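Working notes, structure below.
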DNA sequence: TATGAATGAGCGTTCATTCAT
DNA sequence: CATGAATGAACGCTCATTCAT
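Protein chains in written order, with our numbering: chain A, 166 to 375; chain B, 166 to 375; chain C, 166 to 375; chain D, 166 to 375.
Printed below as a string of structure tokens:
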């Protein structure tokens, strides 16, 4: 993890916090725990973050940025607009499953914490959803949901993806279910209900690009 | 009331715990808080629950039972099999939104907690999903997902509904979105992608496409 | 100290708190310090006092009551109204010097703490001053301050006594000054300026009583 | 400005400390708070003061000097010796009420702190009282307390003034009492009991009594 | 002259839990 | 059936202070 190297203790604190989130959950994320893990005194953390809220908000920021990057990247990697939504869904889900600690604080944590999150940053976070909305707008051909405005549609896509991510990463999905099948199923589910061209076709495009 | 014997204080404890979950959130659910609220000593709670885990597990049990009841009721209320899935989706969502305290401990709490949940009880919880699976099986007419096994399909439905419930009740959905529209949209989303007879007007369109 | 015996831990906590106030001052009065001193865990204190404020308020209450007792006693011990004021001054000063810990939290501590003091109890505390006011009213014959209302006069007496008590017990008075001379001087100061018969005369009365 | 060399930061630190004392009280006076307020690092304060005690002692010094200045000024402003005491009382009280931050650390803080105050500086502080003593000596005409030595008398005056200042600035005096009336009453109280020419009308009455 | 990095001690408080009765 | 008494561990946080640079 190259992140831990360059930026000194602040970086280490954030990374450790993330790690603790993953392994033990938010309830166990304490200043003291972080300190103990990195071998510093708890006081030292306050040199880099004014308080616990700020630390968590910094994590949220990073998560928002990272997801944004991934979505933009997914968007840019698609020559054909019709493929964009799928690519972005993939980006969203892989972000959620690969970075469950970010995902938890961004989208699962009790709102009590999120409400203290500065409004200005909130706006930035909302961009991620708008990116999905734009992909829907662009990818849409026609079909049953043509009358549905794309913002609502984006939220529908979001709920589906969110459900997949959270239930999978909280290990609540039955082990007999193949996660990949569930995920791919969700994509089909989404594309079909939006009236976008199905997976089969876009496959070619994907192959053309790589 | 199945299983819930008339046990006076035990009942009171569970109800108070739920109430505290609703009003103050899981983080504030403490033995002493429950005790203070009901006017008994904290020690008394230990007469009915070995520890906090057991108390929470008991709540989860109740939640599972209650959801099961509602799903069965929804199932039974439909003469036509094709309507069943929709009815059960409605039951699931309304349970999640009306009983957020149950829903949180059942499906949102960090896995660390759930891992301590006895496997035996886990099996019972799974029944709820199988009920949805059966509804899908029964309701399915034909369509693109006919080849998808119904358990996977049930999980897909579940993820969609779970996403709607959690994002709505954690107040993360943009206020410009009408919750009811989102919910109804999700139902359409589900039914359409399963190839089940759709709601109202969109029917024709679906038929035109396939 | 018989106080420490009968009423168990609560009594012990209060007494220890007082002792700490005397020896180390309010700044060092901490729950943990009390606990360490009495050999109990800090948690135990919370069994008897909801928080530090309540503990301090309880001390204030005791102080107010104790001073009240002493003033009433002084009042009752005087057959002749003219002697009352002096007796009560003596009672006030000896309370302040013998119980400097009570006096500190009652009358010296930064108002920040006193503001949290419940209004209802405040009223009770004010009675002490009214007692002095009544003594002035009763003891007054005539003289230069006949036109001064007795409430203002009581406050003037109070400030004089307060000054003596605080400067003496904070050891700010030069050691070459004999405390008793200062105290007696203050009484004369007070009586004379109120136009009440001087010490000389009332001495007889005192002797008659004893 | 005597003694207070133009020392830039040192000056800034002291002023900020005073300001913090005024706005937030002694309990909130911390090195880090001062540092934050002036925009320097906490470490920098230690370049000018060995520790917090020294900083507070420096403030006390300043307070002592300032009060001294005011008393001297009051003394010099009176052509007639008989007016001096009153002028100095006014100076003392106005210092106490206008500069509560100085007054608190000089005369209210728990002795534990003052004990660390270097003896040498203590002597200087004593001069202030001697100034009052001299004013009494000079102003005295005759009267009942002619036999009281003037140092004791000065301390009596001091206790009265101290009582007025502290009870007023700790907002313990009943709101129905007009502060100015209390203060002026205290002056009369003092002058009369010292047998010094009184204020206005009451003169005759005093003479009639003696 | 000034700082950044770091800390040990302490604060008030809450927590789940135990044990004797 | 219910409690009172008690606790060790933990929490977020602030403090004065040190030390190398």
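Built from N, CA and C at the ideal position, the CB exists for glycine as well. These figures come from a predicted structure and were not determined experimentally.
(request) Using alpha carbons as the reference points, say which of A:322, A:303, A:188 lies closest to residue 246 (chain A). (result) As a first step, residue 246 (chain A) must be located in the first chain, where it is residue number 81. Of A:322, A:303, A:188, the residue nearest in Cα terms is A:303.
(request) Using a Cβ cut-off of 8 Å (strictly closer), state whether residue 389 (chain A) contacts chain B. (result) Nothing about residue 389 (chain A) can be read from this structure; chain A reaches only from 166 to 375.
(message) By the 7 Å beta-carbon criterion, what residues does the segment 327-346 of chain A contribute toward chain B?
(response) 327, 328, 329, 331, 332, 335, 336, 337, 338, 339, 342, 346
(message) Measuring only the C-alpha atoms, how far is residue 359 (chain B) from residue 318 (chain B)?
(response) What you label residue 359 (chain B) is simply residue 194 of the second chain in a count that begins at 1. What you label residue 318 (chain B) is simply residue 153 of the second chain in a count that begins at 1. Between residue 359 (chain B) and residue 318 (chain B), the C-alpha separation is close to 8 Å.
(message) At the level of alpha carbons, what is the spacing between residue 265 (chain C) and residue 334 (chain C)?
(response) Reading the third chain from its first residue, position 100 is the one you call residue 265 (chain C). Reading the third chain from its first residue, position 169 is the one you call residue 334 (chain C). Approximately 7 Å, taken between the alpha carbons.
(request) Closer than 6 Å by C-beta to residue 285 (chain D): which residues in its own chain qualify, once you throw out the five before and the five after it? Chain order, please. (result) The residue given as residue 285 (chain D) occupies position 120 in the fourth chain. Contacts found: none.
(message) Closest to residue 351 (chain A) by C-alpha separation, out of A:326, A:338, A:339, would be which residue?
(response) The sequence position of residue 351 (chain A) within the first chain is 186, counting from 1. Looking at the Cα atoms, A:326 is the closest of the given residues.
(request) Specify, as a first and last residue, the run of the alpha helix (DSSP H) that residue 332 (chain C) falls within. (result) Along the third chain, one-based indexing puts residue 332 (chain C) at 167. Counting along the chain, the alpha helix (DSSP H) containing residue 332 (chain C) begins and ends at 315-334.
(message) Since residue 177 (chain B) and residue 198 (chain B) should fall inside the 8 Å C-beta cutoff, what is the C-beta to C-beta distance between them, to a whole number of angstroms?
(response) Translated into the one-based positions of the second chain, residue 177 (chain B) becomes position 12. Translated into the one-based positions of the second chain, residue 198 (chain B) becomes position 33. About 14 Å; that fails the 8 Å criterion.
(request) Note down the Cα distance separating residue 269 (chain C) from residue 337 (chain C), rounded to an integer number of angstroms. (result) For this step, residue 269 (chain C) is matched to residue 104 along the third chain. For this step, residue 337 (chain C) is matched to residue 172 along the third chain. Residue 269 (chain C) and residue 337 (chain C): Cα-Cα distance of roughly 15 Å.
(request) Residues of the segment 182-203 of chain C with a CB closer than 7 Å to any CB of chain D: list them in chain order, please. (result) 189, 190, 191, 192
(message) If I measure Cβ to Cβ from residue 330 (chain B) and keep anything under 7 Å in the same chain, skipping five residues before and after, which residues do I get?
(response) Along the second chain, read from residue 1 onward, the residue named residue 330 (chain B) stands at position 165. Excluding positions up to five away in sequence, the list reads 258, 261, 262, 268.
(request) Using a threshold of 8 Å, state whether the C-beta atoms of residue 300 (chain D) and residue 216 (chain D) are closer than that. (result) The residue labelled residue 300 (chain D) in the question sits at position 135 within the fourth chain. The residue labelled residue 216 (chain D) in the question sits at position 51 within the fourth chain. Against a cut-off of 8 Å, the Cβ pair of residue 216 (chain D) and residue 300 (chain D) comes out as no contact.
(message) Between which two residues does the alpha helix (DSSP H) holding residue 353 (chain C) run?
(response) Reading the third chain from its first residue, position 188 is the one you call residue 353 (chain C). Segment 344-359, the alpha helix (DSSP H) holding residue 353 (chain C).
(message) For residue 179 (chain A) and residue 211 (chain A), what's the separation of their Cα atoms in angstroms?
(response) On the first chain, position 14 is the one that residue 179 (chain A) refers to. On the first chain, position 46 is the one that residue 211 (chain A) refers to. The alpha-carbon atoms of residue 179 (chain A) and residue 211 (chain A) are separated by roughly 12 Å.
(request) If I'm right that residue 293 (chain D) touches residue 213 (chain D) with Cβ under 8 Å, what's the distance once you round it to whole angstroms? (result) Here residue 293 (chain D) refers to the residue found at position 128 when the fourth chain is read from its first residue. Here residue 213 (chain D) refers to the residue found at position 48 when the fourth chain is read from its first residue. About 26 Å separates the two Cβ atoms, so there is no contact after all.
(message) Cutting at 7 Å between CB atoms, please list the residues of its own chain near residue 348 (chain C), excluding the five before and the five after it.
(response) In the third chain, the residue the question calls residue 348 (chain C) occupies position 183. If we look at residue 348 (chain C) and ignore the five residues flanking it on each side, its Cβ neighbours are 258, 329.
(message) Check whether chain C comes within 8 Å of residue 299 (chain D), counting only Cβ atoms and requiring the distance to be less than that.
(response) To locate residue 299 (chain D), count along the fourth chain from 1; it is residue 134. Closer than 8 Å: no.
(request) Note the first and the last residue of the continuous alpha helix (DSSP H) segment covering residue 233 (chain D). (result) Counted from its first residue, the fourth chain places residue 233 (chain D) at position 68. From DSSP, the alpha helix (DSSP H) with residue 233 (chain D) extends over 217-241.
(message) Which of the three DSSP states is assigned to residue 201 (chain B) in this structure?
(response) Counted from its first residue, the second chain places residue 201 (chain B) at position 36. Helix, per DSSP.
(message) Pop quiz: residue 355 (chain B) and residue 254 (chain B) are said to be a contact at Cβ under 8 Å. What is the actual Cβ separation, rounded to whole angstroms?
(response) One-based indexing of the second chain puts residue 355 (chain B) at position 190. One-based indexing of the second chain puts residue 254 (chain B) at position 89. Going by Cβ atoms, the distance from residue 355 (chain B) to residue 254 (chain B) rounds to 6 Å, so yes, they are a contact pair.
(request) Starting from the beta carbon of residue 233 (chain B), find every residue of chain A whose beta carbon is closer than 8 Å, and list them in chain order. (result) Here residue 233 (chain B) is taken as the residue at index 68 of the second chain, counted from 1. Those do not exist, as residue 233 (chain B) stays about 16 Å from chain A at its closest Cβ, beyond 8 Å.
(request) Name, please, each residue of chain D whose Cβ falls closer than 7 Å to the Cβ of residue 315 (chain C). (result) Residue 315 (chain C) sits at position 150 when you count from the first residue of the third chain. Simply none; closest approach about 12 Å.
(message) With distance defined between alpha-carbon atoms, name the residue in B:225, B:277, B:345 nearest to residue 288 (chain B).
(response) Within the second chain, numbered from 1, the residue matching residue 288 (chain B) stands at position 123. Comparing Cα-Cα distances from residue 288 (chain B) to each of B:225, B:277, B:345, the minimum goes to B:225.
(message) For residue 321 (chain C), would you say it is in contact with chain D, using Cβ-to-Cβ distances shorter than 8 Å as the test?
(response) In the third chain, the residue the question calls residue 321 (chain C) occupies position 156. Interface residue, yes.
(request) Measure the C-alpha to C-alpha separation of residue 203 (chain D) and residue 332 (chain B) and round it to an integer number of angstroms. (result) Along the fourth chain, one-based indexing puts residue 203 (chain D) at 38. Along the second chain, one-based indexing puts residue 332 (chain B) at 167. So the two alpha carbons sit approximately 45 Å from each other.
(request) Measure the Cβ-Cβ separation of residue 271 (chain D) and residue 228 (chain D) and say whether it is below 8 Å. (result) Taking the fourth chain and counting its residues from 1, the one referred to as residue 271 (chain D) is at position 106. Taking the fourth chain and counting its residues from 1, the one referred to as residue 228 (chain D) is at position 63. In this structure, residue 228 (chain D) lies closer than 8 Å to residue 271 (chain D) by Cβ.
(request) Hey, could you find the ends of the alpha helix (DSSP H) residue 250 (chain C) is sitting in? (result) In the third chain, counting from the first residue as 1, residue 250 (chain C) sits at position 85. Residue 250 (chain C) -> alpha helix (DSSP H) spans 246-263.
(message) Can you tell me whether residue 281 (chain B) is helix, strand or coil according to DSSP?
(response) Counted from its first residue, the second chain places residue 281 (chain B) at position 116. DSSP places residue 281 (chain B) in coil when its eight states are reduced to three.
(request) Alpha carbon to alpha carbon, how far is residue 278 (chain A) from residue 315 (chain A)? Give it in angstroms, no decimals. (result) Walking along the first chain from the start, residue 315 (chain A) turns up at place 150. Walking along the first chain from the start, residue 278 (chain A) turns up at place 113. Distance between the alpha carbons of residue 315 (chain A) and residue 278 (chain A) is about 29 Å.
(request) Anything in the segment 349-360 of chain D with a Cβ closer than 7 Å to a Cβ of chain C? List those residues in chain order, please. (result) 350, 351, 354, 357, 358
(message) Does any residue of chain C have a CB that is nearer than 8 Å to the CB of residue 268 (chain D)?
(response) Stepping through the fourth chain from its first residue, residue 268 (chain D) is reached at position 103. Judged by the 8 Å Cβ criterion, residue 268 (chain D) is not in contact with chain C.
(request) Less than 8 Å between the CB atoms is what I'm expecting for residue 191 (chain A) and residue 275 (chain B), so what's the real figure, rounded? (result) Position 26 of the first chain, counting from 1, holds the residue named residue 191 (chain A). Position 110 of the second chain, counting from 1, holds the residue named residue 275 (chain B). 7 Å between Cβ atoms; contact.
(request) Report the rounded CA-to-CA distance for residue 321 (chain C) versus residue 206 (chain C), giving the unit in angstroms. (result) The sequence position of residue 321 (chain C) within the third chain is 156, counting from 1. The sequence position of residue 206 (chain C) within the third chain is 41, counting from 1. Distance between the alpha carbons of residue 321 (chain C) and residue 206 (chain C) is about 45 Å.
(request) Answer with yes or no whether the minimum CB distance from residue 324 (chain A) to chain B is below 8 Å. (result) If you number the first chain from 1, residue 324 (chain A) lands on position 159. Taking Cβ atoms only, chain B reaches closer than 8 Å to residue 324 (chain A), which makes this a yes.
(message) Can you list, in chain order, the residues of its chain with a C-beta nearer than 7 Å to that of residue 273 (chain B)? Leave out the 5 residues immediately preceding and following it.
(response) Here residue 273 (chain B) corresponds to residue number 108 of the second chain, with the count starting at 1. Result list for residue 273 (chain B): 331, in chain order.
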